[in-house]
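**Student:** Going by the numbering used here, the sequence shown opens with residue 86, and the numbers climb by one from there.
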Amino acid sequence: MVSKNAKIYVAGHNGLVGSAIVRRLKKKGYKNIVVATRKQLDLTNQSRVFNFLKKKKPNFIIIAAALVGGIVANNKFKADFIYSNTCIQNNLIHAAFLNKINNLIFLGSSCVYPKNCKQPIKEEYLLTGPLEKTNEPYAVAKIAGIKMCQSYNEQYNTNYKCLMPTNTFGPNDNYHPLNSHFVPSLIKKIHEAKINNKKHIVVWGNGKAKRELLYVDELAKACIYFMNKKTQHSIINIGSGKDSSISDFAKLFLNIIVPEKKIKIKYDLSKPNGTPRKVLDISLAKKYGWKPNYNLKTQILQTYQSYLETEA
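Right, dumping it as structure tokens:
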């Protein structure tokens, strides 16, 4: 067990996932949480990362820092995504090793798995087929992070774990019209249709692609759970184990956010659908005793409330 007085560094503490992890750590009574803003620490700068960890000497590191975005950003800024993410994770993992910090969690993504993967996706399916082209550079960077952690574990006997979360949503998300993921994008579109009395919203693709959602607080709980759990496996899927089509999610979000209005969904077939289906097999995480709380209606309402507060 990690002591409540242990020094825990959360990289990326201002983001969707990082902020949820910090909230959860505080709620569970951890008193010594280390954070640094981008101005205080450029994670792409190797020497600064090394010196920061040398000075702070955390007992545990959780890497939630990454350059992330939706299908547009991934496709448009491919060089930025592969460069920034490989730099961030390389610097943190290697500097942790050099500073004799043996305990670390690296957060990957479900996009590391092949595009046409057998469903539900098991951890062993990694590197068994081609990736989805629209986010390939991001996925390749994350795969490199996984392999880096596994390699250090094998060569140096470190305890570097990799958690692979599915599509995560919740408070403090990114609602940029081009750089956001599909849940914040959907919330923003529905809210704008609501306040502007629009008759329809536009959803990319044909709406048939299937996705799995996980509320960000559940991912934060998983991070703290596996921080305190000895495991035989270095890569573990974290998801809800349930999926629905983009079309069904759009209808659900409309019913929850604007139950009093009839807003139609139009599909932009000129835009990509992305991976046809992506649902994680979370049986390994369950074997270790973790399972998610999946209460989608409540979690969507909480996320929408957070969006309203950020827009106020």
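Just so it is clear, CB atoms sit at the ideal spot from N, CA and C, and this is done for glycine as well. Quick caveat, the model's predicted, so the values are computed rather than measured.
Using C-beta distances below 7 Å, list every residue in its chain close to Lys349, excluding the 5 sequence neighbours before and after it, in chain order.
**Tutor:** To locate residue 349, count along the sequence shown from 1; it is residue 264. Result list for Lys349: Lys284, His285, in chain order.
**Student:** With distances taken between CB atoms, is the gap from Lys116 to Asn99 smaller than 7 Å?
**Tutor:** Taking the sequence shown and counting its residues from 1, the one referred to as residue 116 is at position 31. Taking the sequence shown and counting its residues from 1, the one referred to as residue 99 is at position 14. No.
**Student:** How would you write the range of the beta strand (DSSP E) that His179 sits in, first residue to last?
**Tutor:** Counting from 1 along the sequence shown, the entry for residue 179 is found at position 94. Taken as a continuous stretch (DSSP letters only), His179 belongs to no beta strand (DSSP E), being part of the alpha helix (DSSP H) at 163-183.
**Student:** Could you tell me the distance, in whole angstroms, from the CA atom of Asn170 to the CA atom of Leu177?
**Tutor:** In the sequence shown, counting from the first residue as 1, residue 170 sits at position 85. In the sequence shown, counting from the first residue as 1, residue 177 sits at position 92. About 11 Å.
**Student:** Counting C-beta neighbours from all protein chains within 10 Å, is the total for Ile148 16 or more, i.e. buried, or is it exposed?
**Tutor:** Within the sequence shown, numbered from 1, the residue matching residue 148 stands at position 63. So Ile148 ends up on the buried side.
**Student:** Between which two residues does the alpha helix (DSSP H) harbouring Met312 extend?
**Tutor:** On the sequence shown, position 227 is the one that residue 312 refers to. Unbroken alpha helix (DSSP H) run through Met312: 301-312.
**Student:** What did DSSP end up calling Asp353 once you bin it into helix, strand or coil?
**Tutor:** The residue you call residue 353 lines up with position 268 of the sequence shown. It is a strand residue.
**Student:** Return no unless some Cβ of chain B is closer than 7 Å to the Cβ of Asn252.
**Tutor:** This model lacks chain B altogether; it includes just one protein chain.
**Student:** Might you give, ordered along the chain, the residues of its own chain that have their beta carbon closer than 6 Å to the beta carbon of Asn144, omitting 5 neighbours on each side?
**Tutor:** As a position in the sequence shown, residue 144 is number 59, starting the count at 1. Ala91, Lys92.
**Student:** From Ile272 to Thr219, what distance separates their C-alpha atoms?
**Tutor:** Counting from 1 along the sequence shown, the entry for residue 272 is found at position 187. Counting from 1 along the sequence shown, the entry for residue 219 is found at position 134. In a straight line, the C-alpha of Ile272 is about 22 Å away from that of Thr219.
**Student:** Taking a contact to mean a Cβ-Cβ separation below 7 Å, would you say Lys141 touches Val120 in this structure?
**Tutor:** Locating residue 141 in the sequence shown gives position 56, counting from the first residue. Locating residue 120 in the sequence shown gives position 35, counting from the first residue. The answer is no: Cβ separation not under 7 Å.
**Student:** Would Ala180 and Leu138 be called neighbours here (beta carbons separated by less than 7 Å)?
**Tutor:** In the sequence shown, counting from the first residue as 1, residue 180 sits at position 95. In the sequence shown, counting from the first residue as 1, residue 138 sits at position 53. Yes, they are a contact pair.
**Student:** Identify the residues that DSSP records as bridge partners of Asn252: which are they?
**Tutor:** As a working note, residue 252 is residue 167 in the sequence shown. Looking at the DSSP assignment, Asn252 forms a beta bridge with Leu298.
**Student:** Are there 16 or more other CB atoms within 10 angstroms of the CB of Ala224, so buried, or fewer, so exposed?
**Tutor:** As a first step, residue 224 is located in the sequence shown; it is residue number 139 there, counting from the start. It counts as buried.
**Student:** If you draw a straight line from the alpha carbon of Gln131 to that of Glu221, how long is it in whole angstroms?
**Tutor:** Position 46 of the sequence shown, counted from the first residue, corresponds to residue 131. Position 136 of the sequence shown, counted from the first residue, corresponds to residue 221. Distance between the alpha carbons of Gln131 and Glu221 is about 24 Å.
**Student:** Can at least three beta-carbon pairs, one atom from the region 287-303 and one from the region 346-363, be found at a separation below 8 Å?
**Tutor:** Taking 8 Å as the limit for Cβ pairs, the verdict is that the region 346-363 does touch the region 287-303.
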